[in-house]
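Be aware that the sequence shown starts at 205, since it is given in our numbering, and climbs by one per residue.
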Amino acid sequence: MRTVETNFPKCRQCNDGDLVPFSDFGTQSAPVHYKAWVCTNPDCGFNLKIRSGDVMINEPVIDARQQRHVPMARSWAATGR
Numbered sequence: 205m206r207t208v209e210t211n212f213p214k215c216r217q218c219n220d221g222d223l224v225p226f227s228d229f230g231t232q233s234a235p236v237h238y239k240a241w242v243c244t245n246p247d248c249g250f251n252l253k254i255r256s257g258d259v260m261i262n263e264p265v266i267d268a269r270q271q272r273h274v275p276m277a278r279s280w281a282a283t284g285r
């Protein structure tokens, strides 16, 4: 198995972390590559996101490890049963 080495840009806000990309899926399930960039330094928290064509900077970042998962209620009609 080959290892690919990638150099990510340095965070200009803290000059300590690197900016790493995140991808997501759009409303039509099409992949959106590099939808967000987030600093790897947890004390920095710098992030840059694209949402509905707008660039959002430094929105609050939620650590999913600290969140309690509450499943969304789905209506009977939405399940197709």
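Cβ atoms here follow ideal geometry from the backbone N, Cα and C, with glycine treated the same way.
So Gly221 packs on Thr207, CB below 8 Å; how close in whole Å? Incorrect: roughly 22 Å between the Cβ atoms, too far for contact.
Segments of 4+ residues assigned as alpha helix (DSSP H) that fall wholly inside the stretch 208-280: none
Nonlocal neighbours in the same chain, by C-beta distance under 7 Å from Cys215, ignoring five residues either side: Gly221, Asp222, Leu223, Cys243, Asn245, Cys248, Phe250
In chain order, what residues of the same chain have a beta carbon less than 7 Å from the beta carbon of Asp343, not counting five sequence neighbours either side? Residue 343 is absent from the structure shown; the chain starts at 205 and stops at 285.
Find the nearest neighbour of Gly257 within the set Pro264, Gly230, Met205, judged by alpha-carbon distance. Gly230
Short Cβ contact (8 Å threshold) for Pro264 with Trp241: no
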